[in-house]
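Notes follow once the structure below has been shown.
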Amino acid sequence: MNDCLYMVQLRLDPVSLIQFAQDHGVNRAADEDLGYGVHAWLAALFGPLAPKPFRLLEPGTAWRKDQPLQWLGYSRQDGATLREQAETFALPLALAVCDVAELTAAKPMPATWPVGRRLGFEVLACPVSRRETEKDVFLRRVESMGETHPPVNRAAVYGEWLVRQMEGAATLESVQLAGFRLVRLLRRSQQAATQERRFGQLVVLPQALLRGVMTVQDEAAFAALLARGVGRHRAFGYGMLLLRPPA
Numbered sequence: 017m018n019d020c021l022y023m024v025q026l027r028l029d030p031v032s033l034i035q036f037a038q039d040h041g042v043n044r045a046a047d048e049d050l051g052y053g054v055h056a057w058l059a060a061l062f063g064p065l066a067p068k069p070f071r072l073l074e075p076g077t078a079w080r081k082d083q084p085l086q087w088l089g090y091s092r093q094d095g096a097t098l099r100e101q102a103e104t105f106a107l108p109l110a111l112a113v114c115d116v117a118e119l120t121a122a123k124p125m126p127a128t129w130p131v132g133r134r135l136g137f138e139v140l141a142c143p144v145s146r147r148e149t150e151k152d153v154f155l156r157r158v159e160s161m162g163e164t165h166p167p168v169n170r171a172a173v174y175g176e177w178l179v180r181q182m183e184g185a186a187t188l189e190s191v192q193l194a195g196f197r198l199v200r201l202l203r204r205s206q207q208a209a210t211q212e213r214r215f216g217q218l219v220v221l222p223q224a225l226l227r228g229v230m231t232v233q234d235e236a237a238f239a240a241l242l243a244r245g246v247g248r249h250r251a252f253g254y255g256m257l258l259l260r261p262p263a
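Per this note's numbering, the sequence shown starts with residue 17, numbered consecutively.
Below, the structure is given as structure tokens:
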């Protein structure tokens with residue numbers, strides 16, 4: 017596997033994206049974050065090379081047909097490789113969503129992450145845990161405390177969840193809940209054990225925008241975390257760590 021990690025950025029034409037989703041049967045009102053539609057588009061455009069994790073910036077805001085959507089992703093492939101894959105194998109409707117020439121601007125991420133380095137970060141996360149079913153970690157905490165326990169702080173619970181996600185890779189100096197909403201999501205589900213076809217399933221899960229400052233604890237573990245992403249639903253637009261200078 018290529019050890020290099022690249023950040024790629026594309027401007028998506030919203031009309032072409034919705035047209036692609038419509039033609040592929042994933043243009044659903046339940047797909048509030050466009051995660052399922054973008055996931056399907058990436059698979060059609062890049063096949064097995066589809067970048068993950070990725071982030072569609074400001075997915076909850078109203079979009080205009082004359083204003084492109086900003087998409088970011090991490091990939092083990094450089095921009096030239098991704099462009100060649102798309103231009104060779106993608107269908108025309110998938111190619112029409114963006115200008116793949118923009119992939120030439122792919123940015124190599126730093127090769128090393130020194131222990132002790134402080135980094136500001138932002139991540140759009142889906143803070144859930146899975147036992148029998150997926151559930152908001154905040155709601156699980158509330159249920160476990162009982163009615164007589166003092167009120168539980170959502171931001172604190174999400175902060176503790178993020179600490180666990182980064183365990184061994186980085187330590188959190190600070191974290192704040194910069195945004196939160198419940199989102200109806202379209203996700204894959206198996207219709208039956210004997211049938212291969214997958215259908216969209218409606219789920220309502222938390223969308224949390226977390227910002228803060230962290231310190232690299234282990235160079236290799238941090239590089240792996242950056243490439244893998246944080247939490248669940250990373251193939252649908254969650255978990256991409258965006259880095260910035262620490263405040």
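Cβ coordinates follow ideal geometry from the N, Cα and C atoms, glycine included.
All values derive from a computational prediction rather than experimental measurement.
Are the Cβ atoms of residue i and residue j separated by less than 9 Å?
i	j	result
glutamate 103	glutamine 86	no
methionine 182	leucine 88	no
arginine 146	arginine 248	yes
tyrosine 90	phenylalanine 70	yes
valine 144	valine 158	no
leucine 178	valine 131	no
leucine 202	aspartate 47	yes
phenylalanine 154	arginine 170	yes
aspartate 49	phenylalanine 196	no
leucine 221	aspartate 152	yes
leucine 241	leucine 193	no
leucine 244	glycine 136	First, the residue type needs correcting, since residue 244 is arginine and not leucine in the sequence shown. Taking 9 Å as the Cβ cut-off, arginine 244 and glycine 136 do not qualify as a contacting pair.
alanine 96	cysteine 20	no
By the 10 Å Cβ neighbour count, where 16 or more other Cβ atoms means buried, how is residue i classified, buried or exposed?
i	result
glycine 63	exposed
glycine 228	buried
alanine 141	buried
proline 67	buried
methionine 256	buried
histidine 165	exposed
glycine 162	exposed
leucine 72	buried
leucine 107	exposed
glycine 51	buried
glutamine 83	exposed
alanine 172	exposed
Tell me where the alpha helix (DSSP H) around residue i begins and ends.
i	result
glycine 95	95 to 105
tryptophan 177	170 to 181
glutamine 38	30 to 39
arginine 244	235 to 244
leucine 58	51 to 62
Suppose the cutoff is 7 Å on Cβ atoms and the five residues either side in sequence are ignored; what does the same chain contact list for residue i look like?
i	result
threonine 187	Met230, Thr231, Gln233
arginine 156	Ser145
alanine 209	Below a pLDDT of 50, predicted positions are generally treated as unreliable, and alanine 209, at 38, falls in that range; no measurement from the model is reported.
tryptophan 57	Leu33, Phe36, Ala110, Val113
proline 124	Cys20, Tyr22
alanine 263	Gly136, Val229
Apart from the five residues just before and just after residue i, which ones in its own chain have a Cβ nearer than 6 Å to its Cβ?
i	result
leucine 33	Val113
leucine 26	Trp87, Cys114, Glu118
glutamine 211	Reliability of the predicted coordinates at glutamine 211 is poor, the pLDDT of 36 falling under 50, and no value is obtained from them.
glutamine 93	Leu65
Who does residue i pair with in a DSSP beta bridge?
i	result
alanine 121	DSSP, once it has assigned bridges, lists no residue as partnering alanine 121.
valine 151	In the sequence as displayed, the identity of residue 151 is lysine instead of valine. Per DSSP, Ser145.
serine 11	Here the chain has residues from 17 to 263 only, and residue 11 is not among them.
leucine 259	Phe137
In chain order, what residues of the same chain lie with their CB nearer than 8 Å to the CB of residue i, ignoring the 5 residues before and after it?
i	result
glycine 184	Gln233, Asp234, Ala237
asparagine 43	Ile34, Ala37, Gly53
leucine 111	Leu61, Ala102, Glu103
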